[in-house]
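Engineer:
Residue numbers (this note's numbering): 2 to 647.
1) For the ligand MN, any of its heavy atoms closer than 7 Å to the Cβ of residue 600?
2) Whole angstroms is fine: what's the gap from residue 637's alpha carbon to residue 111's?
3) Considering only their Cβ atoms, is the gap separating residue 339 from residue 378 smaller than 8 Å?
4) Could you tell me the boundaries of the alpha helix (DSSP H) in which residue 484 lies?
5) Do residue 627 and residue 208 have their C-beta atoms within less than 8 Å of each other?
6) Using a Cβ-Cβ cut-off of 7 Å (strictly less than) and excluding sequence neighbours within five positions of residue 121, which residues of its own chain qualify?
7) Using the beta-carbon count (16 or more within 10 Å), is residue 65 buried or exposed?
8) Is residue 301 close to chain D? Criterion is C-beta to C-beta, closer than 8 Å.
9) Taking the alpha-carbon of residue 24 as reference, which of 437, 647 and 641 has the nearest alpha-carbon?
10) Could you tell me the alpha carbon to alpha carbon distance between residue 201 and residue 436, rounded to whole angstroms?
11) If residue 459 and residue 488 are in contact, beta carbons under 8 Å, what's the gap, nearest whole angstrom?
12) With 16 other CB atoms within 10 Å as the buried threshold, where does residue 222 fall?
13) With distances taken between CB atoms, is the gap from residue 544 to residue 595 smaller than 8 Å?
14) If you count every other CB in all the chains shown that lies within 10 Å of the CB of residue 644, and 16 or more means buried, which is it?
15) With residue 490 and residue 131 assumed to form a contact (beta carbons below 8 Å), what rounded beta-carbon distance in angstroms separates them?
16) Mapping DSSP to helix, strand and coil, what is residue 595?
17) I'd like the list of long-range same chain contacts for residue 438, defined as Cβ closer than 7 Å, with 5 residues on each side in sequence excluded.
18) State the Cα-Cα distance for the pair residue 547 and residue 171, rounded to the nearest angstrom.
19) Can you check whether the CB of residue 177 is closer than 8 Å to the CB of residue 220?
20) Is residue 418 near residue 434, with beta carbons less than 8 Å apart?
21) With a floor of 3 residues, list each beta strand (DSSP E) that falls wholly inside the segment 105-159, ordered by position along the chain.
22) Evaluate the contact criterion for the segment 368-388 versus the segment 400-411: three or more CB pairs, one atom per stretch, below 8 Å.
23) Quick one, which of 569, 625 and 550 has its alpha-carbon nearest residue 605's?
24) For residue 562, report the span of its alpha helix (DSSP H) as first-last.
25) What is the residue span of the alpha helix (DSSP H) that residue 616 lies within?
26) Tell me the rounded alpha-carbon separation between residue 203 and residue 143.
27) Roughly how many angstroms lie between the CA atoms of residue 261 and residue 81, to the nearest whole one?
28) Comparing C-alpha positions only, which one of 69, 199, 395 and 108 sits nearest to residue 133?
29) Please report how far the alpha carbon of residue 530 lies from the alpha carbon of residue 485, in whole angstroms.
30) Can you tell which of 116, 183, 566 and 292 has its C-alpha closest to the C-alpha of residue 597?
31) Identify, in the order they occur along the chain, each residue of the same chain with its Cβ nearer than 7 Å to the Cβ of residue 299, setting aside the five sequence neighbours on each side.
32) Measuring CA to CA, which of 392, 542, 149 and 507 is closest to residue 524?
33) With DSSP collapsed to three states, give me the class of residue 354.
34) Could you compute how far the alpha carbon of residue 195 sits from the alpha carbon of residue 31?
35) Whole angstroms are fine: how far does the CA of residue 616 sit from the CA of residue 623?
36) Using only the alpha-carbon positions, how far apart do residue 229 and residue 138 sit?
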């Protein structure tokens, strides 16, 4: 009887904790203007009179109380007005303008910001995440107004254990960490790469319902090898800072400027180089043991203060991406999204292409797949796909490797390659297996000879899938060949959707890392564009790991996430060439993926439970109950009553 009473009380606590109908009070330890300057608690003009009295806000705000709904409507009206006023401007101007208006809201009122983001995720994800985040990182020093997250540098060696306590939150669930060495396909951006962890964590909040007070973006600044940043030149072009967006002073010159042949030059420079000043260390990157000792110290500091935190490594150059993954994955709860997240999303798409051909998933092992790009993402896709093929057949990985071909900047990778990269060596072809091809064979030579079912690009080289290559894919052995142009941002995509359908044919499956519009094929036919982006997986991986209480993230948990995503789409959608769901469904997708990760952790006996729910309760949950449990634990932005406590 007492057990039943405790269970009922526990259930009641949980239901009250997660109900959004009547939000529970939030204890704050500040009053007056300090509240208004804290975006975690600020409600702008939304504070009711009783709260204004309680928190010492009388007289610090205009007298009229504006409801949350009215504030929401006002912001959206401002955003739509910005869209209208920037029509005809260049992509860079418009994208940065949209980012800035969202960023200002983020700096001021996080609750309203995340509600706007969640409700309009399809419109705003490309602004706070890829592709605009790449442009933001390139110009971050010029856009910087206030710090967000934490910065650990080589100058902080020996101090990180104390520094970590400077962060005000008592609990942190998710950390996204970068060293800025390989930001998207843009290369070494140094400390300016902090924009990536910020954007990723916005997606964790919007898609997975992580509490924004319990996430932490981190920049690990060990220097930069980017000569432009080391030179620290100020931008030479005059700009005017406006309320809603930047634009060149020259645009004020009216019709003369419209006719000027210099206009395009200035706008192109402006779109990509707002500022060249760097806020980070002005020194070459640390290497070797010096570098690793900095990362070691940071990881020890994080898990000393927050032993249940999860760390996602993001945009590390290849040698350190693989090194740190192997170094930490069995010691700390961490994963590398470039290697493991990209691989999972790609695997889900590859399995979907088999379904699109009307073939059983067991035929995945018969698919010939050419991967272009031997960086951390490309090698991660190869490794995960080969593991999946081996698991499907029950054979070892050696047999599965025969269907995969790796191409890097020097062409087809074979065992005859001199100075073969150790990371790529497991995927190098034996010359005896590739009759008619030789070491270093070009992309077009490989495509013509192999006639692959799938051409997958993670090269970071925009346009490498040119007209000749795409036309060669018409000879594919597949009835529905697949072209995956997965490099980010948009300018680094291996081809556009329009070019893929134009040159490779109407009956293809197309996926890209950055968003493209669907293609009108005429006669009422549509060429569907799939965004094969990690955002479909990493929020669910993080949430499922958190709620399971697992101390490590295993290959089994990651494979469960990929297989869940692969099975999400209906056969009807798959036959149309739609491999991934609409981003409008991102919270539902994340709940399903998170539940799959949680069940995998339970099956591997790694789950230790979370909060009031222990491993025993998790073990006895049905599939439907795990999805409901994950959904119930997603944070949702509403104004909570604030109560001051000294």
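The C-beta atom is built at its ideal place from N, Cα and C for all residues, glycine as well.
Structural biologist: Let me spell this out:
1) This structure lacks the ligand MN; in fact it carries no ligand of any kind.
2) Spanning the two alpha carbons is a distance of roughly 12 Å.
3) The Cβ atoms of residue 378 and residue 339 sit closer than 8 Å to each other.
4) In the DSSP assignment, residue 484 falls outside any alpha helix (DSSP H) and lies within the beta strand (DSSP E) extending over 483-486.
5) It is not a contact, given that the beta carbons lie outside the stated cut-off.
6) Correct list: empty, nothing qualifies.
7) Per the 10 Å Cβ criterion, exposed.
8) Chain labels in this structure do not include chain D; a single protein chain is all it has.
9) Residue nearest to residue 24 within the set 437, 647 and 641 is 641 (criterion: CA-CA distance).
10) Roughly 44 Å between the two C-alpha positions.
11) About 6 Å separates the beta carbon of residue 459 from that of residue 488, a gap short enough to meet the 8 Å contact definition.
12) By the 10 Å Cβ count, residue 222 comes out buried.
13) Yes. Within cutoff.
14) Exposed, since its Cβ has fewer than 16 Cβ neighbours within 10 Å.
15) Their Cβ separation, rounded to whole angstroms, is 6 Å, which keeps residue 490 and residue 131 in contact under 8 Å.
16) Taken through DSSP and simplified to helix, strand or coil, residue 595 comes out as helix.
17) The beta carbon of residue 438 sits closer than 7 Å to those of 413, 446, 447 and 450, all from its chain and outside the five residues before and after it, given in chain order.
18) Cα-Cα distance, rounded: 16 Å.
19) Remark: C-beta atoms of residue 220 and residue 177 do not approach each other more closely than 8 Å.
20) Not a contact, by the Cβ cut-off of 8 Å.
21) Correct list: 151-154.
22) Short answer: they touch.
23) For residue 605, the nearest C-alpha among the options comes from 550.
24) It spans 556-567 - the alpha helix (DSSP H) in which residue 562 sits, taken as one unbroken run.
25) Unbroken alpha helix (DSSP H) run through residue 616: 616-620.
26) Between residue 203 and residue 143, the C-alpha separation is close to 21 Å.
27) In this prediction, residue 261 has a pLDDT of 47, which is less than 50 and means its spatial position is unreliable; what the coordinates show is noted afterwards. The straight-line gap from Cα to Cα measures roughly 30 Å.
28) With distances taken between CA atoms, residue 133 lies nearest to 199 out of 69, 199, 395 and 108.
29) In this structure, the CA atom of residue 530 is about 10 Å from the CA atom of residue 485.
30) Out of 116, 183, 566 and 292, the CA that lies nearest to the CA of residue 597 is found in 566.
31) Cβ neighbours of residue 299 beyond the five flanking positions: 153, 161 and 221.
32) Measuring from the Cα of residue 524, the nearest candidate turns out to be 507.
33) Note: residue 354 maps to helix in three-state DSSP.
34) Distance between residue 195 and residue 31, taken at the CA atoms: about 29 Å.
35) Answer to the nearest angstrom: the Cα atoms are 14 Å apart.
36) Cα to Cα, the separation comes out at about 14 Å.
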